[in-house]
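Residue numbers (this note's numbering): 2 to 178.
What follows is a short report on a single structure.
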Ligand code: AR6
């Protein structure tokens, strides 16, 4: 059975899921927005693993569009999957990188055996991606990934911080059937 796509308005750090996705930056060492909230609420074990990743596989940081997992620390999840969204650009189409964040995060989740995955609206905060466009890209990328591997996951949940973000994702879901 194909996984369900669900929408929730709220704080992603309050969600229960096998994997929570973090809208990180390539340093993996924390920041504001979702990233700040995840490290604050998840505790120091997450940052310790991020530092270890920087000291091993990701000496130059995690490239935009890729994803990597750590412990979820004190969060109600088994894993945090860190992904780096593109900064929005008016002159360059970076949509493929944004889609890649969703696809790669789901790939990492499936490799870990996670069945439920919660995403924030990647790149729509500090990285300034317009919500409607980001929502369309996110829904399409998740739909495509689920269609390619229908049995891998049970639920993909978008956790939208405010009403405007929720409405944008609701609209994108409706428009894409
Ligand atoms: N739960 C769910 N959504 C949230 C939360 C939360 N606790 N907090 C904010 N949002 P952002 P980005 C929404 O800025 O644009 C960081 O400094 C927010 O309203 O977290 O990918 C990183 O370290 C927005 O809709 O991520 C990077 O440097 C969405 O989540 C940079 O920001 C994403 O906003 C990444 O920027």
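We put the beta carbon where it would ideally sit given N, CA and C, even for glycine.
These numbers come from a predicted model, not from an experiment.
Beta-carbon proximity of residue i to residue j, cut-off 8 Å
| i | j | result |
| --- | --- | --- |
| residue 47 | residue 72 | yes |
| residue 122 | residue 166 | yes |
| residue 93 | residue 67 | no |
| residue 115 | residue 83 | no |
| residue 99 | residue 135 | yes |
| residue 103 | residue 142 | yes |
| residue 88 | residue 120 | no |
| residue 174 | residue 140 | yes |
| residue 193 | residue 85 | This structure does not reach residue 193, given that the chain is present from 2 up to 178, and the question cannot be answered. |
| residue 160 | residue 43 | no |
| residue 70 | residue 113 | yes |
Element boundaries [beta strand (DSSP E), containing residue i]
| i | result |
| --- | --- |
| residue 156 | 156-161 |
| residue 69 | 68-72 |
| residue 6 | 5-10 |
| residue 118 | 117-120 |
Residue i: first and last residue of the uninterrupted alpha helix (DSSP H) it sits in
| i | result |
| --- | --- |
| residue 88 | Looking at the DSSP string, residue 88 is not in any alpha helix (DSSP H), and its letter there is neither H nor E. |
| residue 19 | Looking at the DSSP string, residue 19 is not in any alpha helix (DSSP H); the run it does join, the beta strand (DSSP E), is 18-25. |
| residue 109 | 96-113 |
| residue 146 | 132-149 |
| residue 37 | 34-43 |
| residue 167 | 164-176 |
task: Let me have the residue list for ligand 1: C-beta closer than 6 Å to any non-hydrogen atom, ordered along the chain.
output: 12, 13, 14, 24, 25, 26, 32, 33, 34, 35, 36, 38, 86, 121, 122, 123, 124, 125, 126, 127, 128, 160, 162, 166
message: Does the structure place the region 18-28 close enough to the region 75-82 that three or more beta carbon pairs sit under 8 Å?
response: yes
query: Would you call the region 27-34 and the region 47-57 touching, i.e. three or more CB-CB distances under 8 Å?
result: yes
task: Say whether the region 143-156 touches the region 123-132, bearing in mind that this needs 3 or more beta-carbon pairs closer than 8 Å, one atom from each stretch.
output: no
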